[in-house]
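In case it helps, the working numbering puts the sequence shown at residues 1 to 144. Even for Gly, the Cβ is constructed at its ideal location relative to N, Cα and C. No experiment lies behind these values; they were computed from the predicted model shown. Please read the structure below before turning to the comments.
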Amino acid sequence: MFNTVLSIDHVEKLMDMKAKVTSLVDYGPTASGVRFDVGFEGRLSGETINGKMQGVDYFLMRPDGVGHINVRAAIHTDDGAKIAVSIAGFMAGPEIKDSHVRFETSDERYQWLCNAVVVGKGQNIPVEGGGLPQEFEVVYYVVR
1 MFNTVLSIDH VEKLMDMKAK VTSLVDYGPT ASGVRFDVGF EGRLSGETIN
51 GKMQGVDYFL MRPDGVGHIN VRAAIHTDDG AKIAVSIAGF MAGPEIKDSH
101 VRFETSDERY QWLCNAVVVG KGQNIPVEGG GLPQEFEVVY YVVR
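Quick look at the structure:
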């Protein structure tokens, strides 16, 4: 029986992202909740990955207040690689509770990402006076 417990020793920081919202499409209330397409652009910094991520979160705010994260994005690394990104996760309030990140690339330097288990934790940066957040931060971790 598999009885290895995941511990902090198995998780290491991969990169940070500070991002800004670049566009917003508000579809309003739907049968599933309130839907938004949130365009963003962010700067990635880490020991192994540095560059820019651009993409869209096809975000759904359910009637119970839980937000579904559904991102498709592209990373353009500072050393010239292109990496496709898919992120699925959940939010509660301003906090990104859990997100699972998948990568695809043909660049040999980053092939290891295609099979890596990567999770993200982060939060929206509140807007003074309320309103939809315009910035957010995420820390990505790789599970070894």
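Residue i CB to nearest heavy atom of the ligand ZN below 7 Å
i, result
"R109", "Inclusion of the ligand ZN in the displayed structure is not the case, the ligand content being empty and no account of it being possible."
Residue i in three-state terms, based on DSSP
i, result
"L113", "helix"
"D37", "strand"
"D16", "strand"
"D26", "strand"
"D64", "coil"
Proximity winner among the options, relative to residue i (alpha-carbon distances)
i, options, result
"K18", "G122, Y110 and E12", "G122"
"I96", "R62, N115, V139 and R72", "V139"
"K13", "V119, T77 and A84", "V119"
"T30", "P63, D9, M53 and H100", "P63"
"D78", "H100, M53 and R144", "M53"
Beta-carbon contacts of residue i that lie in its chain and below 8 Å, excluding the five residues immediately before and after
i, result
"E135", "K18, A19, K20, V21, N124 and I125"
"L24", "F36, D37, V38, G39 and L132"
"A92", "G65, V66 and G67"
Cβ separation of residue i and residue j, assumed to be a contact under 8 Å, to the nearest whole Å
i, j, result
"G51", "I87", "Between I87 and G51 the Cβ distance is about 16 Å, and since that is not below 8 Å, they are no contact."
Beta-carbon proximity list for residue i, same chain, < 7 Å, skipping 5 on both sides
i, result
"V34", "G28 and M61"
"Y58", "D37 and N70"
"M15", "L44, S45, G46, I49 and Y140"
"C114", "F103, E104 and T105"
Residues near residue i by beta carbon distance below 6 Å, same chain, minus five either side
i, result
"A116", "V142"
Minimum length 3: unbroken beta strand (DSSP E) runs contained in the stretch 73 to 107: 82 to 92 and 95 to 104
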